[in-house]
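Colleague: Pasting a structure below so you can have a look.
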Amino acid sequence: MSFTFCPRCASPLAEREFAEDGGPMQRRACPDTACGFVQYENPTPAVGVLIEHEGSMVLFRGAGWPEGFFALVTGYLEKNEEPLKAVAREVKEETNLDVVETEIIGNYIFERKNEVMLCYFAKCVGEIRLSPELADYKRYAPHELRPWPRATGFAVADWMRSRGLEVEFIERPPIQVTPRTS
Ligand SMILES: [Zn+2]
């Protein structure tokens, strides 16, 4: 949530420098010192899942994404939800697959959406049935994956390197930003 006006007293927020242990930080804050509201803009965590199914890697195209753009299954965590539970839940909800094995790939900053992506590799079984959020999917041999230079793409690249594969990034059109609904 990013505010222009103070959510406590409705004054217009102003940029101010704050001394922090790690050095000065610019933050938006309420000019009324009696109010004291500071906008921290802490990032939202989300999970990203690189799926292996029936011997191939599977990437998915979100509804409304440009043609040819395939990426990981992603989703937000529910309150108090373990990341691995969120991985299994999101994969089931979006693809109908069951996660049988997971491996953490790493955590990646997604600046445009102010998110931290907790990225996992997941071996999955079952039959793919896409939710309305997804338009299509595509199977790849591991060496055919071409990561994109953004959060979940860096996860794909690190997973490929962990398997000793050559990494070749591609540039892609920006994804249309869809407002967060949950
Ligand atoms: Zn205020």
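Under this note's numbering, the first residue of the sequence shown is numbered 81, with each subsequent residue one higher. The C-beta atom is built at its ideal place from N, Cα and C for all residues, glycine as well.
Cutting at 8 Å between CB atoms, please list the residues of its own chain near Glu181, excluding the five before and the five after it.
Modeller: If you number the sequence shown from 1, residue 181 lands on position 101. Ala202 and Lys203, listed in sequence order.
Colleague: Between which two residues does the beta strand (DSSP E) containing Thr94 stretch?
Modeller: To locate residue 94, count along the sequence shown from 1; it is residue 14. The residue asked about is misnamed: residue 94 is Ala in this sequence, not Thr. Per DSSP, Ala94 belongs to the beta strand (DSSP E) from Ala94 to Glu100.
Colleague: If the criterion is Cβ atoms closer than 8 Å, does the pair Pro222 and Phe249 meet it?
Modeller: Along the sequence shown, one-based indexing puts residue 222 at 142. Along the sequence shown, one-based indexing puts residue 249 at 169. Cβ atoms of Pro222 and Phe249: not closer than 8 Å.
Colleague: From which residue to which residue does the alpha helix (DSSP H) around Leu164 run?
Modeller: Indexing the sequence shown from 1 puts residue 164 at position 84. Note, Leu164: alpha helix (DSSP H), Pro163 to Thr175.
Colleague: For Ser136, write down the residues that DSSP places opposite it in a beta bridge.
Modeller: Taking the first residue of the sequence shown as 1, we reach residue 136 at position 56. Partner(s): His133.
Colleague: In the structure shown, what three-state DSSP assignment does Gly206 receive?
Modeller: Stepping through the sequence shown from its first residue, residue 206 is reached at position 126. Residue state, collapsed to three classes: coil.
Colleague: Considering only the alpha carbon of each residue, which of Leu130, Phe83, Glu161 and Val179 lies closest to Ala168?
Modeller: By 1-based counting over the sequence shown, the position of residue 168 is 88. Cα-wise, what sits closest to Ala168 is Val179.
Colleague: What residues match up with Lys218 in a beta bridge as DSSP calls it?
Modeller: What you label residue 218 is simply residue 138 of the sequence shown in a count that begins at 1. In the DSSP output, where bridge partners are listed per residue, Lys218 has Leu139.
Colleague: Counting only the same chain and skipping the five closest in sequence on each side, list residues whose C-beta sits under 6 Å from that of Arg96.
Modeller: Looking up residue 96 in the sequence shown gives position 16. Taken in chain order, the residues that qualify are Ala109.
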